[in-house]
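Before any comments, here is the structure.
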Amino acid sequence: MFPSPFPSEVAFRCFSEEQYPTIELHPEEEQYLGPRTVEIRKKHFRLGRAAAHQAILDLTGKPAGPILTGKRREPIWPADLVGTISHSGAFACAAVAYKSFAVGIGYDIEFKKDTINQEISRLICHDDETAWVNSGSTVDEVDANLRTIFCAKESIFKAFYPIERVELAFKDVKLEWDQEQSAFRGRLLRNASQQHPEGHLFSVPCESSHGYVRSSLLLKRTLP
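With the working numbering applied, the sequence shown covers 844 to 1067.
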């Protein structure tokens, strides 16, 4: 349903519950869904893995083995690939690329009808980011701004973390909204990797339609 925000070198798939009401996981993937896992979490996990497997097939032309889960609940991709998975509401999306093209990919989707507590702004936003959030002229616009900046920072973590396993906190980056580009201009406030030191600049495009906010970040591999 949602178009890819990435170039053709990145395989992107977005699946809905209506398209895939029943999904069978690899047994090794199924083990991450314990008896206490709530049903919506099970649906999202299965849908996300299905989207990821299809994206890998699109990119490589061959099916992948089980996509396991790391200590930060991040997907463990085949050795020559990098990727991202996100799910919210009735959708799950995945993007993958060869490591020869990208060192990190981030994508996040957030369902607008999910409740978002305005109190989290003090946990995830710097003062100037909070000012942008509160610049909305209505309560709905303020909620939309907060959801958008949260979504963008989720993509940032997903893109940078796999490179050197640096766990960026929400306030380890500073974002400034560029209305003309429909994107945040981002700046790292700490080192994320040797190639992405404090002060590194990047862009996080954001879209909002059909009741969902989406954000993306592609970190291309640079020549030494």
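Every residue, glycine too, gets a C-beta built ideally from N, C-alpha and C.
A quick note: this is a predicted structure, and the numbers were derived from the prediction, not measured.
Write down the C-beta distance between residue i and residue j rounded to the nearest angstrom, noting that I regard them as a contact closer than 8 Å.
{"i": "Ile919", "j": "Leu890", "result": "Not a contact, Cβ separation roughly 18 Å."}
{"i": "Ala938", "j": "Phe1045", "result": "The pair is not a contact, with the Cβ atoms about 16 Å apart (cut-off 8 Å)."}
{"i": "Lys886", "j": "Glu861", "result": "The pair is not a contact, with the Cβ atoms about 12 Å apart (cut-off 8 Å)."}
{"i": "Thr973", "j": "Ser964", "result": "5 Å"}
{"i": "Tyr1055", "j": "Glu953", "result": "7 Å"}
Using the Cβ count rule (16 or more neighbours within 10 Å means buried), how would you classify residue i?
{"i": "Ala1035", "result": "buried"}
{"i": "Asn988", "result": "buried"}
{"i": "Lys956", "result": "exposed"}
{"i": "Pro848", "result": "buried"}
{"i": "Ser978", "result": "exposed"}
{"i": "Gln897", "result": "buried"}
{"i": "Lys996", "result": "buried"}
{"i": "Ile992", "result": "buried"}
The beta strand (DSSP E) with residue i in it runs from where to where?
{"i": "Glu953", "result": "945 to 954"}
{"i": "Ser1052", "result": "1044 to 1052"}
{"i": "Leu966", "result": "It is not in any beta strand (DSSP E) - Leu966 instead sits in the alpha helix (DSSP H) that spans 964 to 967."}
When you compare the CB positions of residue i and residue j, do they come within less than 8 Å of one another, or not?
{"i": "Thr927", "j": "Tyr941", "result": "no"}
{"i": "Val853", "j": "Leu1066", "result": "no"}
{"i": "Pro846", "j": "Glu872", "result": "no"}
Report the three-state DSSP secondary structure of residue i (helix, strand or coil).
{"i": "Lys1063", "result": "strand"}
{"i": "Asp923", "result": "coil"}
{"i": "Lys799", "result": "With the chain covering only 844 through 1067, there is no way to say anything about residue 799."}
{"i": "Ile866", "result": "coil"}
{"i": "Asp957", "result": "coil"}
{"i": "Ala933", "result": "coil"}
Taking the continuous alpha helix (DSSP H) assigned at residue i, which residues delimit it?
{"i": "Tyr1004", "result": "982 to 1007"}
{"i": "Gly891", "result": "882 to 903"}
Please check if any C-beta of chain B sits within less than 8 Å of the C-beta of residue i.
{"i": "His887", "result": "The displayed structure is made up of one protein chain only, and chain B is not part of it."}
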